[in-house]
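Residue numbering for the sequence shown follows my numbering, beginning at 138 and increasing consecutively. Shown next, in structure tokens, is the structure this report addresses.
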Amino acid sequence: MNRTSRGDVTLIGHRGCAGQYPENTVAAVERAAPHVDAVEIDVRRCATGELVVFHDAELDRLTDASGPVADADRDELRGLTVHDSGEPIPGLDEALAAAPDDLLVNVELKEPGAASDALDAARRAETDVLFSSFHPEALATLRERDPTTDRALLVADEGVERAVEAATDLGCAAVHPPIDIATESGFVKTAHDAGLTVNAWTAADREDVERLLAAGVDGVVSDRWDLF
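Here it is, written out as structure tokens:
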């Protein structure tokens with residue numbers, strides 16, 4: 138399913154389409170790329186300072202190790218695999234390098250302090266990146282270093298006006314709400330009136346997709362590319 142057949146709605150593969158591929162891995166980026174307009178990956182810092190692509194703060198759910206990612210050095214993380222896939226935990230540079238030139242990468246900053254190094258990595262890779270975060274200070278750092286970066290504020294339970302105001306105050310290009318907020322009456326219109334794109338997360342089935350399309354969102358974040 139390509140973008141033409143989806144109309145103008147951007148399909149963003151959540152964690153590299155985690156419902157189909159080992160999440161946040163190079164393999165997920167490569168395998169999802171032909172089917173989506175963008176992939177979303179999560180970034181946090183490990184004990185030796187490098188940025189790694191991993192969603193959880195703890196290793197337990199995805200690997201056979203335990204403890205915080207922040208306490209594990211890069212060599213230790215290289216030796217771990219995501220579930221039984223055989224796919225290792227990549228660094229941000231590796232994940233960006235795996236993205237084809239025409240693929241947008243949505244880099245979610247899990248920690249405010251990751252923003253500056255993530256920007257440097259995106260510049261090295263010369264990859265088209267949309268930075269998103271629940272942390273306003275991370276987005277503010279990006280704006281201060283390079284106002285031309287594309288930024289999106291992730292929101293969870295904020296009301297319509299508060300979410301849109303916060304995103305516009307940060308100079309964001311987009312706001313990323315969960316499905317229940319994105320489908321609230323007036324949310325998409327309010328965001329659009331403020332000049333914001335709306336990419337909603339995370340569609341689990343066709344019913345979710347239909348709700349979001351009916352609400353008029355610009356992008357759908359999904360664990361699967363085959364829900365359209």
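Ideal Cβ placement from N, Cα and C applies to all residues, glycine included.
For V173, which of helix, strand or coil comes out of DSSP? coil
Measure the C-alpha to C-alpha separation of D280 and G308 and round it to an integer number of angstroms. Here residue 280 is Arg; the residue named in the question, Asp, does not match the sequence. R280 and G308: Cα-Cα distance of roughly 8 Å.
Member of F324, V206, L233 whose CA lies at the smallest distance from the CA of L256: L233
What does a CB cutoff of less than 6 Å around M138 pick up in its chain, not counting 5 residues either side in sequence? In this prediction, M138 has a pLDDT of 34, which is less than 50 and means its spatial position is unreliable; what the coordinates show is noted afterwards. Answer for M138: F365, listed in chain order.
Can the beta-carbon of A340 be found closer than 8 Å to that of I316? yes
Look up D294 in the DSSP assignment and say whether it is helix, strand or coil. coil
Which complete beta strand (DSSP E) runs does the region 234–319 hold, if anything under 3 residues is left out? 241–246, 266–270, 287–291, 311–313
Thinking just about the alpha-carbon of each residue, which of G223, V266, A258, R288 is nearest to the one in D367? Examination of residue 367 is not possible in this model, given that the chain is present from 138 through 365 alone.
Identified DSSP bridge partners for P222: According to the sequence shown, residue 222 is Ser rather than Pro. Beta-bridge pairing links S222 to no other residue.
With the cut-off set at 8 Å, would you say A169 and G153 are in Cβ contact? yes
Using the Cα positions of S253 and H313, report the straight-line distance between them to the nearest angstrom. 21 Å
Give every residue of the same chain whose Cβ lies closer than 7 Å to the Cβ of S142, excluding the five residues on either side of it in the sequence, and list them in chain order. Because S142 sits at a pLDDT of 45, beneath the cut-off of 50, its placement in the model cannot be relied upon, and the point is left open.
Do you know offhand how far D208's Cα is from A194's? 10 Å
Residues bridged to P205 (per DSSP): E195
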